[in-house]
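Okay, so here's the structure we're looking at.
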Amino acid sequence: MNQLNHWQQLTICCALCERSMPNLDLYCELTETSELAQNCRKMLNKVWEYLRGQLKSEKNIEKQLILLNDIMPELDEDQFGALAANDCLVALQSCLQAILDKSISDAEAISQMMSERLDQFLELQGFTTDHELVQRHSAFVIDLEQAVASQTSHADVVKQLMPLAKDGGLSHLGISLDD
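Right under this line is the structure:
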């Protein structure tokens with residue numbers, strides 16, 4: 203992933219963040235902090251706009267990053283889903299920062315963080331690392347890398363990746379609020 207250009211790296215981070223949004227949504231539902239989830243959804247939508255080339259100004263991104271830093275909760279690691287929710291927030295923060303600073307290339311780190319959280323989650327559940335969720339996540343990351351490496355327009359890549367990343371509302375940990 204480190205050989206990918208800035209746009210490709212940011213696109214992968216954004217898709218990984220999108221994939222982890224159900225984890226944040228569940229955490230916010232359990233802690234009755236729905237405003238946090240709503241604000242983060244709006245911020246992530248701005249990142250997708252940027253990736254499609256539709257964002258009018260990066261000034262709003264600065265404001266969103268400041269807002270995210272202000273609303274980022276102190277998570278109690280003992281609360282169910284706190285670490286997975288924090289991973290989503292870290293990925294979102296990375297996306298916003300990467301829009302403002304083109305030298306940021308966190309795709310590998312964000313991907314690794316998501317994989318490690320999945321491994322921890324499965325270990326806590328008593329599952330092994332050959333679980334279906336690991337296979338799904340690995341396939342998703344490969345699909346991401348192939349999509350961003352294609353010679354397709356940015357808008358078309360984003361159009362292809364958004365539904366793939368949303369995965370019907372299922373996170374990389376297998377969490378869905380629709381259940």
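Per my numbering, residue 203 is the first one in the sequence shown, and the count goes up by one each step. In this text, a Cβ means the ideal position worked out from N, Cα and C, and glycines have one as well.
Here the stretch 231-244 does not lie against the stretch 349-362, with fewer than 3 beta-carbon pairs under 8 Å apart. Ranked by Cα distance from A341, the options S305, A367, T330 and V359 are led by A367.
With contacts defined by Cβ atoms closer than 7 Å, C242 and L294 form a contacting pair.
Take I306, set aside five residues on each side of it, and the residues of its chain with a beta-carbon closer than 6 Å to its own are Q299 and A300, in chain order. Spatial neighbours of F323 in its own chain (CB-CB distance under 6 Å, excluding positions within 5 residues in sequence) are listed in chain order as L375.
In this model, L267 and D345 are separated by some 28 Å (Cα to Cα). Annotation for L253: the continuous alpha helix (DSSP H) segment containing it runs S236 to R254.
Our two residues, N225 and L285, have alpha carbons roughly 9 Å apart in a direct line. When DSSP states are grouped into helix, strand and coil, E325 belongs to the helix group. Taking I214 as reference, the option from Q240, L253 and S236 with the minimal CA-CA separation is L253.
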